[in-house]
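Student: Residue numbers for the sequence shown follow the working numbering, so the first one is 42 and each next one is one higher.
I have a structure I would like to understand better, so I am pasting it below and will then ask my questions one at a time.
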Amino acid sequence: MCRLLGLIANKPVDLEFSLERFRELAKKHPDGWGMGWYEEGEARVFKQKISALDPQSKLLQLSKSVMSRIFLCHVRRASCGEPREENSHPFMFDNWIFAHNGTVNREQLRRKLRGRYAEGIAGETDSEVYFRWLLQCIEEEGEVEEGIRVAVEEAQGSAKGALNFLLSDGEHLYAFRYGESLHKLRREPGGPGELSYTSSETGVLLKSKLLRGERAFLVCSERLTKEGWEEVEEGSLLRVGGDLRVREVRVL
42 MCRLLGLIAN KPVDLEFSLE RFRELAKKHP DGWGMGWYEE GEARVFKQKI
92 SALDPQSKLL QLSKSVMSRI FLCHVRRASC GEPREENSHP FMFDNWIFAH
142 NGTVNREQLR RKLRGRYAEG IAGETDSEVY FRWLLQCIEE EGEVEEGIRV
192 AVEEAQGSAK GALNFLLSDG EHLYAFRYGE SLHKLRREPG GPGELSYTSS
242 ETGVLLKSKL LRGERAFLVC SERLTKEGWE EVEEGSLLRV GGDLRVREVR
292 VL
């Protein structure tokens, strides 16, 4: 029961959260929320417990000033790990950012981690271990798509829920669907006024003044607008590059 939102645009854009609507969302997703982005090519993540939500919330204030070509956003309801900031998403390792919706067998995957991928795990979540497992497989296979294929095949055997995730290396946005809904949207420049994205369940969730003038590709747990969102096929991986070309392959 998590919300995932990934965005990649041709130029840096803004992405501001709406306080009141996140309060509504927090009733169903009460544990944590966060945002990952890239600043001059360097990964940045900020996250907090949902109980810290107020008009002066640092994340809300931060979202008013951050500009990036890539955003990964997440609202969490815990299936593993206490509601602490360390357990909130997104997670960061090297220059990778990751957010997950689902549940895997934490201990089974952790036993497979080696070297630096087994070190310094700060939280108690299955998702952080799943992230490290993905990166370890990518390194071992020497190629991102094949590494993800190997990782999710193994994770499927221990999955207690969905394997959906968003992943970025600062150049590409990756999105994988297995077990929960995931939708995609290509946007072209145009449209009057400020652009608002609206959740069918919670109302306005976020807004952007600059996105309407740029090309972009979005991936989200639900269709946020009345635009032409398409469902990502079950078991499919999306890779979106800086030129916004999309490659979709079946990996599970």
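Each residue gets a CB set at the ideal place from its N, CA and C atoms; glycine is no exception.
Pick helix, strand or coil for residue 274, following the three-state DSSP scheme.
Tutor: coil
Student: Out of 202, 210 and 166, state which residue places its alpha-carbon closest to the alpha-carbon of residue 184.
Tutor: 210
Student: Run the CB neighbour count on residue 243, radius 10 Å, all protein chains shown included, and call it buried at 16 or more, exposed below.
Tutor: Caution is warranted here: a pLDDT of 44 is assigned to residue 243, below 50, making its placement in the model unreliable, and no coordinate value can be reported.
Student: Please list, in chain order, all residues of the same chain as residue 229 whose beta carbon is under 8 Å from its beta carbon, the five residues on each side excluded.
Tutor: Taken in chain order, the residues that qualify are 256.
Student: Could you give the distance in angstroms between the alpha-carbon of residue 145 and the alpha-carbon of residue 170?
Tutor: 9 Å
Student: Rank 219, 128 and 264 by C-alpha distance to the C-alpha of residue 206 and give the top, closest one.
Tutor: 219
Student: Tell me the DSSP bridge mates of residue 260?
Tutor: 47 and 225
Student: Curious, which full-length beta strand (DSSP E) runs of at least 3 residues does the region 151 to 211 contain?
Tutor: With a minimum length of 3 residues, the continuous beta strand (DSSP E) runs that stay inside the region 151 to 211 are 204 to 209.
Student: So, at 6 Å on beta carbons, what are the nonlocal neighbours of residue 174 in its own chain, with the 5 sequence-adjacent residues on each side left out?
Tutor: 150 and 192
Student: Might you give, ordered along the chain, the residues of its own chain that have their beta carbon closer than 7 Å to the beta carbon of residue 93, omitting 5 neighbours on each side?
Tutor: No answer about residue 93 holds up, because its pLDDT of 48 lies below 50 and its placement is not dependable.
Student: What are the residues that DSSP puts in a beta bridge with residue 149?
Tutor: The partner list for residue 149 (beta bridge, DSSP) is empty, contrary to what the question assumes.
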